[in-house]
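In what follows, a structure is listed as C-alpha cells, so that the remarks can point back to it.
Numbering (the numbering used here), first residue to last: 38 to 1157.
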C-alpha cells in the first residue's frame, strides 16, 4: 500500500481537466476527487475504492461511485465506468479514465457506449414526462399556492415557520415541525434514537426559484434543484435562521462523525441538527419524492407499493414494476399512534389542493417512525423488522456497503466517544461467538484483508527479535513486507511454535520495528506441518529467532468456512482497545480512526459492521464496579456490571402491553414477574442481533420448547459459562477478546415476563415460555474483570443516576441473587406508560425524569408564523427596508456576527465571470492623500493596520474566485481610503451577463474610514461601472449616486466587531440579489463621483429613518 499512498500523494498535486481536490477517502483503501464540468450546475464528489490492494498496478479491482445527493444519471455512468477501469491502473490513470468517460457522457448526455441496448422499461423512459424544466408561475400566483399549502399543513397540526419572518411573496426557506411526544414513540425508541419527548422533528425546505404547482413539480427533472429538503430535529418548534441557512445553503452530503446525530449542546436550543435518519430521509425526499408521487397518483399505490415499483423501474424490471399495485393500499401513512390529522393520505389530493410540504413531512415522519421496517438505502421493506431497535439495510451487498460507509448507519467514532463500554461489550460478544464457533452470520461485502495461517507458501521468511517485548525488531530475508502494517508472526522458540499478532511502527533500512498486540498463541486446529518445515530448514543468527510473517493480504470471503474463524480472531487481536481508540480521538481532536496506525482498515471495517448490525439497544446503566466495593454493596451479585437492554422493534413494548391486557390484569401490581436468563458469552452476539429465541438447542430441552428462565440467579449463571468450539479445544488462544477493557466472562439478562405461570410450558424447576412476545429484556448483567484503565474511568461520557424507587414483586416469585437474597429492581425499568399501573399511584410522578417543556418560544400557539401576514407583496417602504437589511441571492445574507468564517467555505465554481487579479489600472483612479485627522486618530490607525493585515492573510489562503472580492494591498498608500473589487459572479446572474456584454470584469469600490473607526462605519461607494437606478428597474442596493444602501453602513446598524471582509461580503450579496437584480447602465457613462454618492447616502438614510455616521462630513471632505 505504500505505492498506492505515494501515487495518491502525487495525484493530489497533479493537474487534470475538470478534476480537483484529490484526497484520501475515509472509506477503506480509496480516494475522492471533485469533478466539475461547464454543463453541470455544480461540482460533484466521486469516490474510488481499491478493493484488493495486493493487486495494485497488476490486476486490481476498483469500485467507483457517487454520493447520494448527486444527479441520478451520474450513478448509471459511473457504474459502467467502474467495471471498465483497467486493473493495472495507477491512481492517476484511474482519475484520467473516469474524467474522460464522464466528459464523454456529459457531452452526449448519456452513459458511455453501451447505452443502445433495448431498455424497454427503463427508469428514464418511465419518467420521461418529468424531464421538462419548471414553467415558472407569476410570483403572485406561486405565492397563493404556497400560502394555501402551508395553511393546510397548519390545519394538519404542524408548526410552520417562515424565513426570514418578513413580508415576501416567496420566502427564502420554510420549516414544518411537530413535537416528538405527539408521535407516541416508546421510551426505548426515544433513547435508542437520541430523541427527547419535547424535541421537535423539523423539515426545512427551500424553494429556489419560486414555488411550483403540483404539475410543475412533477415535471421537474431528476436532478432538479428547485425544491430542496432537509430533515432533522430541534429543541424549539422553529429552528434559528442561522442553522437553517447552514442546512440548506452550506449542506455537505458526506456527514462527518462529529456532525452525526448526538447529544445536543444545551446552549444551542434553536439549532437545526441531524437526527438518526436524516441522511436516509434527505436522500429519499430529494431524489425520489417526485417519482413516488407520480407512481402513487397514476396507479393508486401506497407509499410501500410506489417504492417497490420505483425500485423495479430503476432496475429495468418491467414485469415486476407494478406487481404491488393496489396490494397494500391500506398501508398506514405514518403509524397508528400518530395524530389523527396526519393519518389522512394527503398525497392523493387533487392538484388544486395539493400541499408539497405537508406530503413531504408525512413521508419523512413515516420513515423515521418506521425506520426499522425499511432499508435505509433502497427503502425496500425488510423481511424481519420485528427484531430491530435500530434502522438497518437489506441483504443487498451494495445497500449494506452504503449503509456502513456513507453515513446511513451508526458512527463507530461517535459510539466509541460516547458509549465506549457498549462498544467494548459488543466487540467482546463477537469475539466470543467466533471463539465458540457460534457465529450465525459472517461479515460480507467489507473487502476484509486477513492472514491465512495455513498458507505457509505466502508467508515472508525473516529473522525476529523479541528481547524487548512487547516491542521488537525483524528483518525480511528476500523481499519487503507486503500488505498493510499488520502481520502474524510464527516464531520457533526452542522447538515450540508460537504465534504473535503485531504491527510495524517504523523502519530503518531493512530492519523493522514492531509492537506486539497479542500473543503468544498456539494452534493445533489446523495443519502446521508446512509452517514447521519452512522454519526448520534454516537456523537464525545469534539473538535472532527464525520466523514466518503472515501478512493481512487475503480476501476474507475467499477463505474456506473452517479458516474464517481463525482469520477473524486474528483480525480482532489486531485491534487496539476501545479506550485506546477513544483516547486517541480525544487527544487528536482533528483525527478520525482512519489515522490511527495501530488500527488496520479491515479491523476498523469489522468493528463498524459489528456495531451497525447490532439491532438491540444497550446503554451503560451502572459504573464499572470496583470488586471490593461491589461485594459490600451487593454481595449476592458479585463483580457484575449492569446495562439497560431493550430488544425488538420500537412498537414491541406496545405489543407487550397489549398481550398483558389480554392475558392478565395490567392494574395488578404483580401483573408481571422478573426472571434471569443465562447464556454463554458465545451466544450473546446473536442474541443482541436477533433477540431471544429457541432456534437452537444448546443445553437440552427436558422441560419443553421455549425460552428457559429462572428466578434464581445461581441457576441461570450456570448456563453463562463459556464454551469452546470442538476445534478450538486444541488451541491455546484466549476465550475473551484480549483487547477488551471489560474482560467480560459471563452474561445474564433480567427479563420481565407476563405473570401467567399457569400457561407457561413449564414453571418448575425453570420457567419455560414459548411466547416470545410475553418476554421483554430489561437489564443485562456482565461479569467483568476491568483493566486499570477502565477502573480509572468507570462511566465515560455518561451521567448515571441512582434509583429511588423499586418495583414491587410477587412474594411467591421473587427474583433472588446468588445468595438467594431478594433483588431490588429499579422502578425505571418499567416504561412510564405502565409505571402507575405496575408500581402503584404516585410512584410515576416521583421517579419521572422527563424534562419539563419550559423553553420559551416565539409563538403563543403551536401553529407557527402568520402565513397570511407574511406571504404577501411587501409595501414599497418594506421592500426598500428589507432589501437594505437582507439582500437576497442564491442564499440569504449572513448576519454580521457570522460572516467571518464564510471566506473559508468553498464557493460553487461552476461557470463564474472570469476575473484576472491585478488587472485593475489604479492610475485610472483619483489619488488621495491621507486626511488631516490621520495623525490624531491612533485608535483608527491601529484598527486599520490590523484590518489590512487580516485582508492580506485571507488573500494568501483563499483564492480570488472563492473570495469574490480583492484588495491590492500594495496599492493601498492611504490607510483611510481603500480600493476594493467585487468579482467572480455566477454567470446566471443578470449582473454577470451585463458585465460580460460590456467587457467589465469587476465592480470597483471605494472605502473611506473616519477618525472614529471602528466605532463608526466606513463610507462605501461604487466607482465603476454605473448601475441602473431603482426607479429605472435596477436593484442591488446601489443608490443613484453610487452609495451602498445598507443599514449596516449607518450608525443604526453598524457594530464595532464588523470587519472589512464582512462589509465586502454584505455588499456583494446585495449585488447578487435575484428578486430585484442589479443591472448595469448601458451606453456611455462616467465614473461615479464622491459628491453624488454622499448625496445618495443622505437620501436613503433620511428615507429609512436611520442614523448617519457622525464621521460623514469628514469622510465627504476627504481629499478636498
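Every residue, glycine too, gets a C-beta built ideally from N, C-alpha and C.
Three-state secondary structure (DSSP) of residue i
i	result
residue 704	coil
residue 1075	strand
residue 783	strand
residue 21	Outside the displayed range of the chain (38 to 1157) lies residue 21, so it cannot be described from this structure.
residue 770	coil
residue 633	coil
residue 500	strand
residue 53	strand
residue 93	coil
residue 800	coil
residue 1024	coil
residue 278	helix
residue 101	strand
residue 1042	strand
residue 412	strand
residue 182	helix
residue 510	strand
residue 67	strand
residue 858	coil
residue 816	strand
residue 621	helix
residue 430	coil
Candidates the options, of which the one nearest residue i by Cα
i	options	result
residue 907	199, 499, 817 and 97	199
residue 1050	976, 902 and 470	976
residue 557	542, 544, 537 and 551	537
residue 273	571, 901 and 258	901
residue 859	771, 794, 751 and 570	751
residue 724	279, 744, 139 and 1002	744
residue 81	53, 70 and 661	70
Cα-Cα separation between residue i and residue j, rounded to whole angstroms
i	j	result
residue 186	residue 213	11 Å
residue 634	residue 565	30 Å
residue 1143	residue 1134	11 Å
residue 122	residue 98	8 Å
residue 782	residue 773	7 Å
residue 47	residue 72	18 Å
residue 644	residue 417	26 Å
residue 271	residue 1096	31 Å
residue 560	residue 524	16 Å
residue 690	residue 814	10 Å
residue 1081	residue 1053	16 Å
residue 780	residue 462	9 Å
Exposure of residue i, with buried meaning 16 or more beta-carbon neighbours within 10 Å
i	result
residue 960	exposed
residue 1023	buried
residue 695	exposed
residue 439	buried
residue 953	exposed
residue 595	exposed
residue 429	buried
Proximity below 7 Å, CB of residue i to CB of residue j
i	j	result
residue 117	residue 101	no
residue 179	residue 285	no
residue 476	residue 642	no
residue 62	residue 40	no
residue 957	residue 1018	yes
residue 1151	residue 1047	yes
residue 253	residue 395	no
residue 229	residue 426	yes
residue 1146	residue 1088	yes
residue 587	residue 503	no
residue 453	residue 678	no
Cβ of residue i within 7 Å of any chain D Cβ
i	result
residue 597	Going by chain labels, chain D is absent from the structure shown, which holds only one protein chain.
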